[in-house]
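Heads up, the thing below is written out as structure tokens.
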Amino acid sequence: LCDVHGVVYEGRTIDMNPQKAAYAQNTDKWTLDDVIDGADLFLGLSGPNVLKPEMVKRMAKRPIIFALANPNPEIMPDIAREVAPDAIIATGRSDFPNQVNNVLCFPFIFRGALDVGATEINDAMQIACIDGIAELARATTSAEAAAAYQGETMNFGADYLIPKPFDPRLSGIVSSAVAQAAMDSGVAKRPIEDIEAYRETLDHAVFKSAMLMRPVFDAASKQSRTIAFAEGEDERVLRAAQAILEETSEKPVLIGRPDVISQRCERMGLTIRPERDFAIVNPENDPRYRDYWGTYHDIMARRGVTPDLAKAIMRTNTTAIAAVMVHRGEADSMICGTFGEYRWHLNYIEQVLCDPAQHAQGALSLMILEDGPLFIADTHVHTTPTPEQITQSVLGAARHVRRFGLEPKIALCARSQFGSMQGDTGQRLRDAMAQLDLMDLDFQYEGEMNIDAALDPEVRARVMPQNRMDGVANVLIFAHADAASGVRNILKMRAGGLEVGPILMGLRNQAHIVTPSITARGLLNMAAIAGVPVANYG
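Those letters in the sequence shown? Residues -2 to 535, per our numbering, in order.
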């Protein structure tokens, strides 16, 4: 045992207590450097850079190094691997394999203990937690976990000793194991009769709220994308920028006046400051102004925009400025819409980022509800979409839903139900269905149908026994924006739905338009969505 003063040895008087004394050794080796020779395991909970590369060289073959100091470990994994390529390494950091995080155990120990009314948390319950985590580490990767951590190999081995901290299976496996151990050891006051049913309930509940966003945040944390915020002076944007810098590896760029942003950051008690922590584009006095208006004029010259108008727009229109930044490669994506009307923002985004014949596919809103997520489209872009536009919304929605680790089940919704009414919305949805049927698609879709049929398999089976959708739809596609927007607002205001979005489909994740009611946390969620480079993403 070593502490900041070195080895805990018999006879040491500096900073000793009974707990340390129990581990005191009879030795003349007094420093970590003295005792590291031939060590099989280093377990650190101390401070940064305590374990030196030359010490690692003198450890045993295939050493186990758990460098758990936060935020900076006792040795960085890449440095340790340079001198010991066979080392098995874990840290507390999410940007290296084997993150040791108390989120792996604490929430699930407490959940299992509370659900059975345990009078204590005993050794048997803690061991059950460990066994549950070990079971999951060696288990076959679930579809949800694979989708959440795309691009990573999750086979048990040196780079996957323990599950990912936000593997959605942890809740069911660990909590149920702890609950069972509490019952077996006699400390449960409210035993659970059917532990498997309990586990299934936990598995279902785990996809609510923040857990649903975790795959997106984890994907974004592996990137270093630059996100331009058009309304950089908005207090919600400033709070979101602070959270982005604390929780992700993204680089926010704020469009606004530096003095206003600085004053508001200071007044709000934020620790971030312009230029030091994030870049600013000042519409009133930016050295790139000539380049920006020149770029905008080049794009819009044959669409009625004169040089003088281009200059005025690049001084006053922050949405257009953000779009030009993305067009020029100075930002990877942009977020706007904390004030103003959605279509107004979309007009400038499509001008700059789309070819004249190209348009956004639609807007997809995610509503996180008590019984699971529900995606709704098109809430903002096409008021009365054509069958072709509905088809594109379906395809775009399917791609985006999978980014959340979910398999899309898409229902095309209308007043008409499986051909019961001719013309109007039902016909446009049927025409879209015909187009989709010509494609080789790997997800479930069905329509047209009423909303209750989409959300209740029994209702759907009574109306159309031969329908080709299993279970409950998680995506509702409407043939009119009024219907989509109305359902979205009802769920948000009366059903306690938490909205993520709207997600703008069809622009390769280069731009998103939020709504004025968005919160700082909502902006953080959108930044995470914008923070992932996407090929064929929609």
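Don't be surprised by glycine CBs; every beta carbon is placed ideally from N, CA and C.
Per DSSP, the bridge partner or partners of residue i
i: Leu38; result: Ile61
i: Cys333; result: Ile510
i: Thr381; result: Its beta-bridge partners do not exist; DSSP assigns none.
i: Cys(-1); result: Val4
i: Gln96; result: Thr88
i: Glu496; result: Met364
i: Tyr293; result: Paired residues: none, contrary to the question.
i: Gln22; result: Tyr6
i: Pro50; result: Paired residue(s): none; Pro50 is not in a bridge.
i: Leu552; result: Shown here, the chain extends from -2 to 535; a query on residue 552 therefore has no answer.
i: Ile373; result: Ser362 and Leu473
i: Lys406; result: Gln441
i: Ala121; result: Answer by DSSP bridge pairing: none, since Ala121 is not bridged.
i: Leu501; result: Ala360
i: Ala185; result: Ala115
Rounded distance between the beta-carbons of residue j and residue i, thought under 8 Å
i: Ala395; j: Gly444; result: In fact, because the Cβ distance is near 14 Å, the residues do not count as touching under 8 Å.
i: Ile269; j: Gln239; result: 5 Å
i: Val511; j: Thr335; result: 6 Å
i: Gln414; j: Val460; result: 6 Å
i: Leu101; j: Leu38; result: Contact doesn't hold; Cβ gap of about 19 Å is too wide.
i: Tyr289; j: Ile332; result: So it is not a contact: roughly 18 Å between Cβ atoms.
i: Val278; j: Val323; result: With 8 Å as the limit, Val278 and Val323 do not qualify as a contact, their Cβ atoms being about 12 Å apart.
i: Pro280; j: Thr313; result: 7 Å
i: Ile365; j: Val469; result: 15 Å between Cβ atoms; not a contact.
i: Gln432; j: Pro384; result: 6 Å
i: Leu158; j: Ala87; result: 6 Å
i: Lys17; j: Leu(-2); result: 7 Å
i: Leu242; j: Phe214; result: Leu242 to Phe214, Cβ: 14 Å. No contact.
i: Ile500; j: His397; result: 6 Å
Check whether residue i and residue j have beta carbons under 7 Å apart
i: Ile224; j: Ala524; result: yes
i: Pro212; j: Phe440; result: no
i: Ala66; j: Gly41; result: yes
i: Pro162; j: Asn98; result: yes
i: Met13; j: Asn522; result: no
i: Pro74; j: Phe93; result: yes
i: Ile76; j: Pro45; result: no
i: His342; j: Thr316; result: yes
i: Val349; j: Val321; result: yes
i: Gly503; j: Gly393; result: yes
i: Arg261; j: Leu235; result: yes
i: Ala233; j: Leu520; result: The amino acid occupying residue 233 in the given sequence is Arg; Ala does not appear at that position. The answer is yes: Cβ separation under 7 Å.
i: Gly35; j: Arg222; result: no
i: Cys410; j: Ala458; result: no
i: Ala237; j: Ala185; result: no
i: Glu71; j: Val32; result: no
i: Thr245; j: Ala217; result: yes
i: Val113; j: Arg55; result: no
i: Ala134; j: Phe153; result: yes
i: Ile85; j: Ala136; result: no
i: Met466; j: Lys406; result: yes
*Does the stretch 247 to 258 touch the stretch 359 to 369, meaning 3 or more C-beta pairs lie closer than 8 Å?*
no
Exercise for the section: Evaluate contact between the stretch 370 to 383 and the stretch 465 to 480, counting only Cβ atoms and requiring at least three cross-stretch pairs below 8 Å. Expected result: yes
(request) Please determine if the stretch 487 to 502 and the stretch 296 to 309 are in contact, where contact requires at least 3 C-beta pairs separated by less than 8 Å. (result) no
- At a cut of 8 Å, does the stretch 342 to 354 reach the stretch 479 to 488 through at least three beta carbon pairs? no
Exercise for review: Decide yes or no for the touch test of the stretch 101 to 111 against the stretch 170 to 179: beta carbon pairs closer than 8 Å, at least 3 of them.
Suggested key: yes
How about the stretch 75 to 82 and the stretch 53 to 67: do they share at least three Cβ pairs that are nearer than 8 Å?
-> yes
**Message:** Can you confirm whether the stretch 444 to 454 touches the stretch 416 to 433 when touching is taken to mean that 3 or more C-beta pairs between the two stretches lie within less than 8 Å?
**Reply:** yes
- prompt: Between the stretch 1 to 11 and the stretch 22 to 31, do at least 3 Cβ pairs fall closer than 8 Å?
  reply: yes
Exercise for the section: Only counting runs of 3 or more residues, tell me where the beta strand (DSSP E) segments fall wholly within the stretch 408 to 475, in order along the chain. Expected result: 441 to 446 and 472 to 475
**Prompt:** Unbroken beta strand (DSSP E) runs of length 3 or more, entirely within the stretch 216 to 302: which are they?
**Reply:** 223 to 226, 248 to 252 and 276 to 278
Do the stretch 178 to 186 and the stretch 114 to 123 touch if we need at least three Cβ pairs shorter than 8 Å?
yes
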